[in-house]
Amino acid sequence: MEKKYQVFVSSTYEDLQEERKKVMEALLQMNCFPVGMEYFNASDSSQWEVIKSLIRECDYYVLIVAGRYGSIEEESGKSYTQKEFEYAIEQGVPVISFVHKNPESLPGTKIEQEQSKRYKLENFKLCVKKKSCKFWSNADELASQVVLGLNNEIKIHPRIGWVKADEVSSAEANKELLQLKKEKDYLLSRIKEIDASAPVDIEDLEHGEDKFDVAYFHSEDPFDCSCLNVGYYTIEETWNKLFLYLSDSLLTPKSKEQIMEILHSKLNLGGFDTIDDECFQTILIQLMSLGLIETDLLKTDGPYSYWILTPYGRKEMVRLRVRRRNK
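Using the UniProt record's numbering, the letters of the sequence shown map in sequence onto residues 1 to 327.
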């Protein structure tokens, strides 16, 4: 019987919304049922009792740690994230931990400001690192690490899990499976809503009609590699225009090499012209930071990266391209 597993995803929330979304998507693609406190309504029971109940019901526990310590439970003086981690271990739930490689590189809004919380966060990280843990630097890498880590944990520590309703005879089990399917459908709908919404914290980033110089090299003789015959030039474009140059092509996954060729053509560059690689990387990273494009986890393989529009990127493409009637 094919099993499906319920996975509790534990982390701070406000600073890791994009990372949690990516992890939830990856778990759903694995046919797992992700569980997170943001998807549950308030209960008559205390918040901590609800959390403990959910952890006990889960097959695996995924911990994500970055630059924030999180809300503190008054009685223990510990964050709910740390209490969840300790409770999962106490209950014998297999724990898979993922710690940010370089939290100092995170923006100020995603780093703990209170000295006391910073101290508690560092102590918590020391506890986490005593057990096996993986490290990550961005949302896509985190999602990939979670998939690999969970698959490995399933092989080493197989759990009871869940099976399809027609493979079990228990009426109660059928009822629980149907409830889990409803929760999965709800999670998918919520992820679609989040995907199509504008990203947060982009006001300090160049975007829209802000201008950017696209740098390229021009060689009079492509067979002469000497620097004497190479010129360095720039073309001024807005970020909206650069996005529109690429958006229709990125409705389906494209490799970096294909995107480079598309941009080369849209900028009307000649056969002896080459876009500066560092400049090209900056364009991709900027559009990714603006929530317009992302790497395609299903198509990306080995050293080759494929890029595609996000749901928000498709929405922005329509907004910028659509022709409206004159009133």
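Here a beta-carbon is modelled for each residue, glycine too, at the ideal position from N, C-alpha and C.
At which residues does the beta strand (DSSP E) containing residue i begin and terminate?
i      : result
Val62  : Tyr60 to Val65
Ile293 : Ile293 to Thr295
Cys127 : Counting along the chain, Cys127 falls outside any beta strand (DSSP E), though it belongs to the alpha helix (DSSP H) covering Gln115 to Lys129.
Asp210 : Where Asp210 is concerned, there is no enclosing beta strand (DSSP E), given that its DSSP letter is neither H nor E.
Leu106 : Segment: none, Leu106 is in no beta strand (DSSP E) and carries neither H nor E.
Pro311 : Pro311 -> not in any beta strand (DSSP E); alpha helix (DSSP H) instead, spanning Pro311 to Arg321.
Ser76  : Looking at the DSSP string, Ser76 is not in any beta strand (DSSP E), and its letter there is neither H nor E.
Please name the residue, chosen from the options, that lies closest to residue i on a Cα-to-Cα basis.
i           : options                           : result
Glu25       : Val147, Met317, Glu2 and Ile262   : Val147
Ile308      : Gly70, Leu246 and Leu187          : Leu246
Tyr306      : Gly149, Thr274 and Gln258         : Gln258
Tyr119      : Ser79, Phe135, Ile89 and Ile154   : Ser79
Gln91       : Phe98, Lys83 and Glu122           : Lys83
Leu181      : Asn31, Tyr13 and Val9             : Rather than Leu, the amino acid found at residue 181 in this sequence is Lys. The candidate whose alpha carbon is nearest that of Lys181 is Asn31.
Arg68       : Val99, Asp59, Asn268 and Asp15    : Asp15
Ser71       : Glu203, Asp296, Leu121 and Leu28  : Leu121
Glu206      : Trp239, Thr234, Met37 and Glu73   : Trp239
Met288      : Thr310, Phe272, Asp273 and Glu278 : Thr310
Lys22       : Arg324, Glu294 and Thr81          : Glu294
Gly36       : Leu54, Leu28 and Thr282           : Leu54
Pro34       : Glu49, Val62 and Lys52            : Val62
Asn102      : Tyr87, Ser132, Val65 and Ile89    : Val65
residue 356 : Leu187, Arg321 and Leu263         : Only positions 1 to 327 of the chain appear in this structure, which leaves residue 356 out of reach.
Glu141      : Asp210, Glu75 and Phe98           : Phe98
Ala88       : His100, Ser105 and Lys52          : Lys52
Leu27       : Gly149, Leu290, Glu57 and Lys110  : Gly149
Ile233      : Leu284, Asp248, Lys254 and Leu269 : Residue 233 is actually Tyr in this sequence, not Ile. Among Leu284, Asp248, Lys254 and Leu269, the Cα nearest to that of Tyr233 is on Leu269.
Asp59       : Thr274, Asn138 and Arg159         : Arg159
Gly77       : His100, Glu104, Thr109 and Ser116 : Ser116
Trp136      : Gln113, Leu106 and Lys130         : Leu106
Val130      : Leu290, Glu86, Glu112 and Thr109  : It should be noted that the sequence gives Lys, not Val, for residue 130. Among Leu290, Glu86, Glu112 and Thr109, the Cα nearest to that of Lys130 belongs to Glu86.
Lys110      : Asn174, Glu19, Lys184 and Gln281  : Glu19
Ser219      : Thr274, Val318 and Arg324         : Thr274
Lys241      : Val50, Thr12, Arg319 and Phe217   : Arg319
Gly291      : Met317, Phe272, Leu178 and Phe280 : Met317
Glu203      : Lys256, Gln286 and Lys134         : Gln286
Glu278      : Phe272, Phe217 and Lys254         : Phe217
Glu75       : Trp48, Glu57, Arg56 and His100    : Trp48
residue 330 : Gly231, Tyr13, Arg323 and Phe212  : Residue 330 lies beyond the range of the chain shown here (1 to 327); nothing can be said about it.
Pull up the CB-CB distance for residue i and residue j, whole angstroms please, since I reckon it's below 8 Å.
i           : j      : result
Lys266      : Gly161 : Lys266 to Gly161, Cβ: 49 Å. No contact.
Leu244      : Arg321 : 7 Å
residue 343 : Ala215 : Summary: the structure shown does not reach residue 343, with the chain confined to residues 1 through 327, and so no result is reported for it.
Quick one: give me the first and last residue of the alpha helix (DSSP H) that residue i is part of.
i      : result
Leu27  : Gln17 to Gln29
Ile96  : Unbroken run through Ile96 is the beta strand (DSSP E), Val95 to His100; no alpha helix (DSSP H).
Ile55  : Gln47 to Glu57
Lys155 : Ala139 to Ile156
Gln82  : Tyr80 to Glu90
Worksheet item: Residue ranges of each beta strand (DSSP E) run of no fewer than 3 residues wholly in the region 232–304, ordered along the chain?
Response: 273–275 and 293–295
Practice prompt. Say whether the region 93–110 touches the region 153–161, bearing in mind that this needs 3 or more beta-carbon pairs closer than 8 Å, one atom from each stretch.
Written response: yes
Discussion item. Three or more C-beta pairs under 8 Å: does that hold for the region 114–134 against the region 6–13?
Written reply: no
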